[in-house]
Each structure stands twice: as C-alpha cells, then as structure tokens.
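The listed protein sequences correspond, in order, to chains V and H. In our numbering, each residue's number is its place in the first sequence (first place is 1) plus 26. In our numbering, each residue's number is its place in the second sequence (first place is 1) plus 11. Beta carbons: idealized from backbone N, C-alpha and C, even for Gly. The next block holds one structure in the form of structure tokens; read it before the comments.
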Amino acid sequence: MIPVQLASFFTAATLILIGIIGVFFIDNLIKKVIALSFISDGVNLFLVTLGYKPGGIVYIYLPGMSSSWFAQNASYPLPFALVLTSIVIGASTLAVMLAIIIILYHRHGSLSSKILED
Amino acid sequence: MKSLIALMVILPILCGLLLNLLHKKDRTIKILALIVAIILPLIPLIASYGTYYFGGYPPITENPTIAKYLPAYITGSYLTKFHPAITYIFNSAQRIFIFILGLVAFLAIFTSLNEVKKPSGVYSFLMFMATAAVTAIILADDIFNLYVFFEIAAISQAGIILSSNIKGSYKMALRYLLLGGVAAPMLLLGVALLLGAVGNVNISDMILAMKTGLVNPANPIFLAAAGLIIFGWLYGSGLPPFHTIKSGLYSKALPHAASLIQAFSVFTLVALGVIILRLFYYVPVVRWAFIIFSIAAMALGISMAIMQTDFKRLIGFLAVGELGYIGIGLGLGTAMSITAGLFQAVNEALVTACLFLGFGTILYQTGTSEIDKLGGLLKYRPGVAGLMILAGFIMAGIPPFNVFQSKLMLIQSAISAGFPELALIMILLSIVTFMTFMKAYYAIYLKPEPRDLEVKDRIPSSTIFSMIVLLVICTVFGILPKIATSQFGSIIQLLTP
C-alpha cells in the first residue's frame, strides 16, 4: 500500500474516532453536530481513498485515448459518485439538526444536551 | 408494465414535491394527496414482476447488442453477469410489502386530511417522501441506493415529528437525528468496506462474487462490514439499543403519523434484514445477532411497556417488542421461520397501525394520553371500544386472526429448528403483551370515569373507517393465511440453501 493511501485511511479512521468521542462525550449541541460532521467526513474520506489510483487519471474519456489505456489508468469512479451523494445527504441532515438546535436555544436559552432530557 | 416498478418510488416523491409547492392551497392539497394516496397501494397490484434498471442497462448476458462490441476478456468473465445500473427488484414478496405499506400510507394520509381543516402541504410532503424512501428500501438491490433512501426516510420521519407540534417533539426529533448521525455513517462505512472488497455496490453482484470465489468471503473485512450494517439496521428498525428513541418517536407523532412510522420501522427491518442475511449468508454469528437483538427487543419492549403511564408510549414499546418476533423468524433461517417472520411483519404493520389510530380516537375525545387521567370511555363510543379490544386481541395473538397464525408458525418453526426455549419465550411474552394491553384497556374504557375528565362524543369517521379496513384485512389474513404466506417464495429462495 502506498503512503498517500495509507495516510488517508489513517486520517479517515482518526476523524471517525474523534467524531464518535465528540458525539457521546461533549455536552454542547453545536459541538455534537460538528462531531457528527467529523464522522461523515471521515467516512467520505475513506470512500475517496478507495477510489484513489496512484498515477491514475480522472475518469473522463477524452478523444485520442485508447480504451485499453484508459481502462488501465483511470481511477475507479464509483466511490466519487457515492461521496458526492453522501455529502449532499450529510449537509441536509446537519442543516435540519442545526435548525432544531436554534429553535431549542430560543426556547431554553441553553445549548447543553441536558435540555434534550424529558 | 415494468416501468410501474419505478413509479412506486417516483410517484410519491413527485407528489410530495408538488404538495410542498402548493403549501396553503388547502383544497388542491387535499385532492392531490388523496388521489395519489389511493393510487399508492394499487400500483404494486398491477405492476409486472421483474428487474428495473435506473440510469444504466441490464447485464451483458441479457444484452447481446453490447456484448458483440466488447473484448473477449470481458465477455468471457463474470463481468457479463454484473448489473451496471441502479437495480430495483420487484417480486411477489415486494408486492405484498409495498401493498401493505401503501395501504397504511393511504389510511394515514386519508385520516390526517380529514382530521384537520387546513392540511399542511409540508406535512403531506414528508409522509409521501418517507413512504417513497421505504418503498425504495424494499425494492433496492443496490446497497448504496438503500443507504440514500435510509437517510431520506430518517430525515422525513424526523420532519413528521417536527410537524406534529406536540410538546417535546423538537427534542425527540433532534435526539433521533443525532443518533442517526452516528448510525447512518456507520452503515455507509459498511457499504464502503463492501465496495472496497468487491468493487461493486450491487447486492446480487456482491453475492455472485462471493459464491464464485472472485472474492474471499472469509476476509475479515466482510465481518466488519456486517457489524456496521447491522448497527444501521438496528437504528432503522428501532431494535435495542434504539428501542427507547423509536418508541419516543411514536409518542411524539400524531396518531396517524405514528401508524405510518411504525410501518416504516417494520419494513425497514425486513428489507435491510433480508439484505444482511443474503450478503452474510455464510456467517452464523449474523443469524445469532439477529436472534439476540430480537429477544432483547421483545424483553425490553414489553417490560418497558408495562411501566408506561402514557398509552402512546405503551403502544410504542409493544410495537418494538413485536418487532422481535420478525427478527427471530429471519434469524432462525429455515423456510418456515422466514415465512413466519415475514408474515408477522405484514401482520404487525397492519395491527399496530390500527392500534395507533384507535388510541388517536381517545386522544381526540379527551385531549390526553395519560392513562391515569382516563376512564369510563366505553359508554361514549362502545363501537370504537369494540374495535380497540379486537385490535388488542389480534396483537396478542388470539385465534383466528392473522397474528395468531404467524406467531403459531414462529413457535412451530422454533421448536422444529431445535430451539424450544425460544418458543417458550415467545409464548410468555405474548401473554405479557395481552395482559399489558388489557390493563391499559381497563384503565381507559372500563374504570369509572374521573370527575374532571371532559369527553367529546364525536370521533372522525375517517379514523373509524381506517380501523375497520385494517381489522378486516387482519381477519382475512387470519382465516386465509396462504394469501400472504404464498407470496414470500422469492425471498425464501434467496435465504435458504
């Protein structure tokens, strides 16, 4: 395995771990949401890293390329397509969560997760 | 008629988007929502069985025009069997699940439109979006597509709770989304591990790759993926450790919305559960995980139901407990147990929807869901009280209704699979379910009426109509269980050797 890919996997794992710790151990709701974005960013980075090809090219077939050369050198496009969708979904979920937090803050005057308790 | 397969997902999404745009145009919203809601359960009945390819094409083996332009190293390999498209599979099992989901959605939307004078376009939009998402989860043969709709279903359900405007609904929706913010990326990580190991996200292709030795199923990556996807499955279906949040979600929804959300949980459990068992068919620990989490759901759900003083939470916990029966059926892995589990899923979606609607009538009459503040409601609407006790009998598994048939099949399959202890647990918990329901029923309908209780005599006729429809189907499935059980052959074929 080449160092760039290894480093990316390590970073992804670190992001996910920090995110999980943040979600469960940080009291502030905004920080919890930031921690959640760490988790989804870590997973997205993991997906991008899967599609990485050392010395590869972007998966766009240009005129003049031979199909066999393209097949050998192009990076795998599927993970990138998945990440794009995942980013959109993640952003929507975070937006909804932040909107609810704003409303709860106006009602309770606090960002502590204790306000979520019944 | 294969294009109808796509329509099952596209139609509710389009309708939902349109309703969102029509916000405040009350009459148009009512008419459009009602028409589409009526169509929803009808589409699966007229659609042809088959596979639908979104944005791609069928495998090369089914596509000779493409095959003749491809080099021999492709046409001579397994690549010819792979699905280069987002694939939806529609068979008899999917038909009955989507029919029941569509029916519950229709009744929930119909009830909601009749209960409110000014229908909210946004609220109907969310109900349609969630229905579309769960339909897609049932149809999907593509695990990433499944993840996308899993997320849409979660956001839509949180949105439904937010729109209910019940005290504490914002907190509950946020709690649900925060947990989903952990569970959904874990599911995606599982998908990513599978993609890394197999190079594809199509479920049938992954299984083909494992069975033909293209990839080594013993690779520990598959076990890690299984764990992560099971975590997502537990969240989506509301099994422990997510049982509290799921029952809380039901309690913060309006009764018709709760009836729909519980159907989402049931069908997510079945659809994702079947996919997990198909993908990890060779890992016995996965089946054991199903059984263990299911027993935990039954035990925790029912024991927490006993302690509840709010009838919405009580039914929520009973619904979670009933999910365990489905998981046990799938986990045992025999043809009979899988049939029983899937039949139980259909039955639970129907009867729990009826119970939520029925308890909605109590809320409508009295404005409270606190059992201690209620009593003596029998004299106001004895007919509705009769429907409620019937629904309670059905849920507990009293013959000759549908849940009795499915629970009997589950007990028989547990004994024949060599697990009489499981059969005993199921019988005991059914008795406890019955007792819990009867305790609440006594407190609400039979106990002397508290002096300060104000009771409205009127109940929306749409709710009574919906309850009767659901109870009639429960009775028909109880007397003629073959109507449902004969539909599950396609799934049993996939799950049994």
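| Query | Result |
| --- | --- |
| Return the Cβ separation of Ala351 (chain H) and Ser417 (chain H) in integer angstroms, given the expectation that the two are a contact with Cβ distance under 8 angstroms. | 5 angstroms |
| Give the list of continuous alpha helix (DSSP H) stretches no shorter than 4 residues that lie fully inside the segment 359-409 of chain H. | 393-407 |
| If we ignore side chains and look at the alpha-carbon of each, how far apart do Val159 (chain H) and Leu464 (chain H) end up? | 47 angstroms |
| Going straight from the alpha carbon of Gln105 (chain H) to that of Ala310 (chain H), what length do you get? | 29 angstroms |
| Could you tell me whether the segment 191-201 of chain H touches the segment 128-138 of chain H, using the rule of 3 or more Cβ pairs below 8 angstroms? | no |
| Can you tell me whether Thr474 (chain H) is helix, strand or coil according to DSSP? | helix |
| Just how far apart, CA to CA, sit Ala58 (chain H) and Ile16 (chain H)? | 6 angstroms |
| Checking 8 angstroms against the spacing of the C-beta atoms, do Ile286 (chain H) and Ile214 (chain H) come in under that value? | yes |
| From the DSSP secondary-structure annotation, give me the bridge partner or partners of Phe328 (chain H). | Phe328 (chain H) is not bridged to any residue. |
| Which of the three DSSP states is assigned to Ser138 (chain V) in this structure? | strand |
| Using a Cβ cut-off of 8 angstroms, pull out every chain H residue sitting near Pro105 (chain V), in sequence order please. | Ala203 and Leu206 |
| Between Asp321 (chain H) and Ser380 (chain H), what straight-line distance do the alpha-carbon atoms span, to the nearest angstrom? | 5 angstroms |
| For the segment 93-127 of chain H, list every residue whose C-beta sits within 8 angstroms of some C-beta in chain V, in sequence order. | none |
| Residues of the segment 48-59 of chain V in Cβ contact with chain H at a cutoff of 7 angstroms, in chain order, please. | Val49 and Lys58 |
| With DSSP collapsed to three states, give me the class of Thr62 (chain H). | strand |
| Tell me whether Asp216 (chain H) sits in a helix, a strand or coil according to DSSP, three-state version. | helix |
| Which runs of the alpha helix (DSSP H) fall wholly inside the segment 215-262 of chain H and span at least 4 residues, in chain order? | 231-248 and 254-262 |
| Strictly below 7 angstroms CB to CB, what residues from chain V border Ala151 (chain H)? | None at all; the shortest Cβ gap to chain V is about 14 angstroms. |
| Which residues of the segment 162-175 of chain H have a Cβ closer than 9 angstroms to any Cβ of chain V? Give them in chain order. | Glu162, Ile163, Ala165, Ile166, Ala169, Gly170 and Leu173 |
| Does DSSP classify Phe430 (chain H) as helix, strand or coil? | coil |
| Within 10 angstroms of its Cβ, does His134 (chain V) collect 16 or more other Cβ (buried), or is it exposed? | exposed |
| Within 10 angstroms of its Cβ, does Met318 (chain H) collect 16 or more other Cβ (buried), or is it exposed? | exposed |
| Quick one: residues in its chain with C-beta nearer than 8 angstroms to the C-beta of Tyr68 (chain H), no 5 flanking neighbours on either side, listed in chain order? | Asn74, Ile77, Pro95 and Ala96 |
| Do three or more CB pairs link the segment 352-366 of chain H to the segment 261-279 of chain H at distances below 8 angstroms? | yes |
| Which residue from H:Arg462, H:Gly394 and H:Leu190 puts its Cα closest to that of Thr255 (chain H)? | H:Leu190 |
| Would you mind telling me which residues of chain V sit closer than 8 angstroms to Leu185 (chain H), beta carbon to beta carbon, in chain order? | Leu55, Met123, Ile126, Ile127, Leu130 and Leu142 |
| Indicate the three-state DSSP secondary structure (helix, strand or coil) for Asp53 (chain V) in the structure shown. | coil |
| Please state if the CB of Leu76 (chain V) and the CB of Leu1 (chain H) are separated by a distance shorter than 8 angstroms. | Look at the range of chain H in this structure, 12 to 508, and you will see that residue 1 (chain H) is not part of it. |
| Any C-beta of chain H within less than 7 angstroms: which residues of the segment 84-102 of chain V qualify? | none |
| Strictly below 7 angstroms CB to CB, what residues from chain H border Leu108 (chain V)? | Phe155 |
| Would you check if the distance between the CB atom of Ala144 (chain H) and the CB atom of Gly27 (chain H) is smaller than 8 angstroms? | no |
| For the alpha helix (DSSP H) containing Phe101 (chain H), name the first residue and the last one. | Unbroken run through Phe101 (chain H) is the beta strand (DSSP E), Ile97 to Phe101; no alpha helix (DSSP H). |
| Below 8 angstroms, how does it come out for the segment 340-350 of chain H and the segment 415-430 of chain H: are there three or more Cβ pairs, yes or no? | yes |
| Residues of chain H with CB under 7 angstroms from Leu73 (chain V), in chain order? | Ala203 |
| Could you give the C-beta distance for Val122 (chain V) and Ile166 (chain H), rounded to a whole number, given that I count them as a contact under 8 angstroms? | 6 angstroms |
| Does Gly192 (chain H) have its Cβ less than 8 angstroms from a Cβ in chain V? | yes |
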